[in-house]
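**Student:**
Here you go:
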């Protein structure tokens, strides 16, 4: 799947670095980061599996030893098995999935509106599916080929490359704006008391993640003062310019930001329903988590997912969410359970919505988009020109 | 889709110029490496900071207790290991990478990775400091193992150090091999040599540095295999009569496991030589490619080395197969006879390691003629019988019993039995911020008479124990205001008032008592409630809350002259304690840095406040018995006593068991000490902690090689047994967990002295069971009743030697009743009484163990059978049904097995909680004697009732054929 290619770092052909290694790294880091909250943060990892209702399944297939049956490789603790046999409220789980699906559809709608504002005439299904397509690519591959894939699909459909790129960039800016709105709401709800620490902790987590991945990965920043490199790597100048341009039409801008916040609000509803679906009357996951905590968790986790380092932001998403829950004084086991569940559901729903977009000849386009993304990365590493035509080359 | 020019965007206008450079992309591995290195360095920096903070705190903590030398001994030992282990790891990674790698990125990364290796390798090595100290200071056990003839001290003290040394050397060599491969690959890649054939690439990568390391790893591996011969002595054999240690097959004859190990050692050496030499020859044919010189004249031939390797592996496998065949043919068919010597070794070693050789066995045959009520009432054991339980029982969280797991799931608490605690909470807690975490059985001499009491400490528990509470929410209230609990609550264990509630000898706030022996400084700064929390005293602007007075509150300031806690007299301490609190107790960094309450001239921090935390911080090598942490009054101070054991899992041939896993826990989960897998232990240390000042004293009470070694390592740590004040000695108890593992895990099988009897499990015992908990309520949905069957654990009782069967050597020296720990056993799979274990605890007799043994052919009802008799009694049932019908909760109490003049009596209190009054009251006491159940509001009345009706020697008989119940003599 990964083309055999290497990035030229300017030290001659023998020093070309294999980008395939980075891709492998991305997958491995995703797995490791998901494992960190499960294995490191939680005192008893098996309790997380019980909360996820997995232990009894493992007992059923004879991996965990059930005291009733007596066969299996790993000793099962009855208490944990009993936990694992708690019922799941499937109705709530479906509702949660619907809420998450609603969030993705709202984002797709946002994309259509943005493209409309940029003067791209389009069919509604075409613009909606390109958003879901991009999201699906991000779940399958590391380093976020979704933006490239979305733009590529728009270009294939006749949009000028420059407008497609501008549209995708603007969507990213709007996503960040929505997150900023939610963070502000969460802070307002939480007040400046003890939860200030929670907010700061959360922000620190995200800033730390962002700092370690993006700016340092950008050759532009090499040799420059760190803040300036960061500003450049995050394309701060362009973000400001883009916001200014959008703000010229105040009502449209406010509407788009509201839509972005609305999509995230649906994710918050999804998170709430999800934790309720895995709770029982006697055992309640994150029972005393305030609303501000829920909002903060979704905002921060989505911010971490903006860093497209692992497939679907796996690991970054869960770790950030766990950090917020812990900052709100929640139990580590419950926090990890909910974060892992939410990461799973949001990515699975994204994939479920991605599948219909493969209809027609778009299925083959997945690998095509990945190859194009890989080529873009090679050129970028070697400092070659990144012509917008890259979006249309097969 | 097409662009349109008449849309929302003005004609001719273009969006902000944005190119593909704004899109995400795949970064190069070197870029990812920089990010990764940044994350790792950040995490390591945080980790190092945490370690430094802990080191400082530990130093100040030890200094405050007068144990600086302990701290410095640990630090020097740890530092030495860190330097050696860390340096070896760092060198093993860095040198190959710097020596062979050619790309600047990898050569630069080598320094980072080497530094990480130094930190992590050093940390891992330094964590073995106890093994180093024991290896250096450990002495002799005065006995040798029967296989290799080494002193036991070699296995307990020096073998672990040998293994540590082996690991410190072996792991770095393995790392160095990996480093060489990576570096050589990089070198070939940078030199454009990756185009070579696979054979040449492999040859160049694996030579020459790798080859030398391969020899080292091979020979070290052989040494490691040779060392495993000693592991035969500790091996667990699940399906053999020799349940631990080397068996016949392992050490006898030429085709033994021991010889198989030697063969493997030889094979490993052979493989190392053959493969190493072959690699060298392989390199000889390819070396010119690297240097550009002419090819060497050594062609590579694979057939011989491959054949040699296969032959060596075949020899090793064949030997193991032969040993297995010999087991099937010559050993298994001849068991247990062929294993006699080894089974006996295992039995002897296990009894010695668990100190069971000194158990005095006394045959117990109850008298033929029944006792009269007057006889029973005359017994001093019965007079002191503790109907008020001096313990709280929790269902083990990891219970193998699915029903109990379900109970916990539904009820939400694993507390199964604790009426005294419930009563104290309702009658003596008095203010919301106080709690009783536990109740203990203790004895005092009041007015010259020894009596048994139930006692509890009124504490202000930490947030860790009781969750968020109003008075623990803010830093000020939790650490400056509510700093200490107040006093004990104490009741006689053998008496209740007319309502069935406890009488109090110490009660109320401030504590009052009529007994001068029980008067004490009541403030509890250090206690079980202080788990994972700290408080500050002698602060500015505020005085501590002392207790609520009739209309206001009393305040208190700890006397500045009291030597207690650590003074916060520098900015460094403020920073360090603030950082320490971030991860351990509340995240109070800003408070430590900026609070004006902290006065550098006098403010003190009291940390590690629970007895277990305190002892384990100073002496982490000790196993602390969480089942018997209790507070007593000694010389006007309340002190905590912690039973502590020295342990090992390296005693040859001794059975391994889990120490600390009683079936019914006696402490909440948060107060439990981690279990240990051991095969040797000694009740060697008694820790005493002053509840007011936190002063810690460790008394060494046993002449045990392990505690003696620690005494040599830390000469200032222990005080001798003779230095223990009489006021403390009078309150010593036998460690409950130790008692459990000795008898419930080991003695129940190892009391069998004959190897055939042992092998066939002819007289295997089981801990007796009893029924506890609410009767007939159905709260938990487990059925119509919530009562559940639990295994007995050791329970305390004042026992008069005159009530025990006559033994050949008598019992204890004193004529007054002994404060003993007892535990009944039944035969495995049956319910009749087989044995009663008694441990003496009073000064002079402490640690004497007796096994009172009912003859195998005689029937004496066991506790569960006594429970069943009570349950089946029509009168009892009628009364319980009546209570339950009126909404009361009825609770079956602990079934006390009471020896009376050589006979067996069972006493069970029945607690009732009415709908209006939720305080458990002892409303009835059941007495079972020789199959007859009597029940009355008081014990005396119930015993008196035993004297009415038909004589107790006549059992009730159910004649099923006639369908009627009559009473009569079976012989008639």
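Protein chains in written order, with this note's numbering: chain F, 504 to 897; chain W, 969 to 1940.
C-beta: ideal position from N, C-alpha, C; glycine also.
1) In terms of DSSP beta bridges, what is residue 1453 of chain W paired with?
2) How far does the alpha helix (DSSP H) with residue 1032 of chain W in it extend, from its first residue to its last?
3) So, helix, strand or coil for residue 799 of chain F, using DSSP?
4) Can you name the residues of chain W whose CB is closer than 9 angstroms to the CB of residue 647 of chain F?
5) Do three or more CB pairs link the stretch 989 to 1000 of chain W to the stretch 883 to 890 of chain F at distances below 8 angstroms?
6) Please list, in chain order, the chain W residues whose beta carbon lies closer than 9 angstroms to that of residue 522 of chain F.
7) The beta strand (DSSP E) with residue 1523 of chain W in it runs from where to where?
8) Rounded to the nearest angstrom, what separates residue 843 of chain F and residue 774 of chain F at their Cα positions?
9) Which residue marks the beginning of the alpha helix (DSSP H) containing residue 1158 of chain W, and which one marks its end?
10) Counting pairs of Cβ atoms below 8 angstroms between the stretch 1423 to 1432 of chain W and the stretch 1395 to 1415 of chain W, do you hit three or more?
11) For residue 1113 of chain W, count neighbouring C-beta atoms within 10 Å of its own C-beta (all shown protein chains included) and say buried if the count is 16 or more, exposed if not.
12) Relative to the C-alpha of residue 648 of chain F, which residue among F:832, F:813 and F:834 is closest?
13) Roughly how many whole angstroms lie between the Cα atoms of residue 523 of chain F and residue 877 of chain F?
14) When the Cα atoms are used, what is the spatial distance from residue 1596 of chain W to residue 1361 of chain W?
15) Using a Cβ cut-off of 8 angstroms, which residues of the stretch 732 to 750 of chain F contact any Cβ in chain W, in chain order?
16) Please confirm if residue 879 of chain F has its CB atom under 7 angstroms from at least one CB of chain W.
17) Please tell me whether residue 769 of chain F and residue 837 of chain F are closer than 7 angstroms, where the distance is taken between their beta carbons.
18) Taking DSSP as the reference, what is the three-state secondary structure of residue 1396 of chain W?
19) What residues of chain W sit near residue 781 of chain F, judged by a beta carbon separation below 7 angstroms?
20) If we ignore side chains and look at the alpha-carbon of each, how far apart do residue 641 of chain F and residue 811 of chain F end up?
21) In whole angstroms, give me the CA-to-CA distance for residue 1711 of chain W and residue 1805 of chain W.
22) Per DSSP, which one or two residues make a beta bridge with residue 1651 of chain W?
23) Tell me, please, whether the CB atom of residue 889 of chain F is closer than 7 angstroms to any CB atom in chain W?
24) Give the single residue among W:1737, W:1847, W:1668 and W:1528 whose Cα lies nearest to the Cα of residue 1796 of chain W.
25) For residue 1402 of chain W, which three-state DSSP category applies?
26) CB-CB under 6 angstroms to residue 722 of chain F, same chain, minus the five flanking residues each way: which ones, in chain order?
27) Just the C-alpha distance for residue 1489 of chain W and residue 1606 of chain W, rounded to the nearest angstrom, thanks.
28) Would you grab the beta carbon distance between residue 1217 of chain W and residue 1295 of chain W for me? Rounded to a whole angstrom, and I think it's under 8 angstroms.
29) Any beta carbon from chain W within less than 7 angstroms of residue 724 of chain F's own beta carbon?
30) Contact check, residue 1709 of chain W vs residue 1124 of chain W under 8 angstroms by CB: the rounded distance?
31) Report the CB separation of residue 1883 of chain W from residue 1856 of chain W in whole angstroms; it is logged as a contact under 8 angstroms.
32) Is residue 734 of chain F helix, strand or coil by DSSP?
33) Let's test the definition: count the other Cβ atoms within 10 Å of the Cβ of residue 1542 of chain W and tell me whether it reaches 16, buried, or not, exposed.
34) Find the nearest neighbour of residue 1792 of chain W within the set W:1821, W:1780 and W:1660, judged by alpha-carbon distance.
35) In angstroms, rounded to a whole number, what distance separates the CA positions of residue 1357 of chain W and residue 591 of chain F?
36) What residues in its chain sit with their C-beta under 8 angstroms from that of residue 752 of chain F, if we drop five residues either side in the sequence?
**Tutor:** This is what the structure holds:
1) According to DSSP, which records beta bridges pairwise, residue 1453 of chain W is partnered with W:1492.
2) 997 to 1033
3) helix
4) 991, 992 and 993
5) yes
6) At a C-beta separation below 9 angstroms, residue 522 of chain F has these neighbours in chain W: 994, 995, 996 and 997.
7) 1521 to 1524
8) 11 angstroms
9) 1127 to 1158
10) yes
11) buried
12) F:813
13) 9 angstroms
14) 12 angstroms
15) 738, 741, 744, 745 and 748
16) Residue-level contact by beta carbon holds for residue 879 of chain F and chain W, with a gap shorter than 7 angstroms.
17) Here residue 769 of chain F is not near residue 837 of chain F, since their CB atoms are 7 angstroms or more apart.
18) coil
19) Within 7 angstroms Cβ-Cβ: nothing; residue 781 of chain F doesn't reach chain W, min ~15 angstroms.
20) 7 angstroms
21) 8 angstroms
22) W:1613
23) Residue-level contact by beta carbon holds for residue 889 of chain F and chain W, with a gap shorter than 7 angstroms.
24) W:1737
25) coil
26) Low local confidence applies: a pLDDT of 45 at residue 722 of chain F is under 50, so the model's placement there is unreliable, with the coordinate-based value given in what follows. Hits under 6 angstroms: none found.
27) 7 angstroms
28) 5 angstroms between Cβ atoms; contact.
29) Residue placement at residue 724 of chain F cannot be trusted, given a pLDDT of 45 that sits under 50; what the coordinates show is reported in the next sentence. False, the Cβ-Cβ gap to chain W never drops below 7 angstroms.
30) Rounded, the Cβ-Cβ distance is 18 angstroms, inconsistent with contact.
31) 6 angstroms
32) helix
33) buried
34) That would be W:1821, whose Cα lies nearest to the Cα of residue 1792 of chain W.
35) 41 angstroms
36) Excluding positions up to five away in sequence, the list reads 620.
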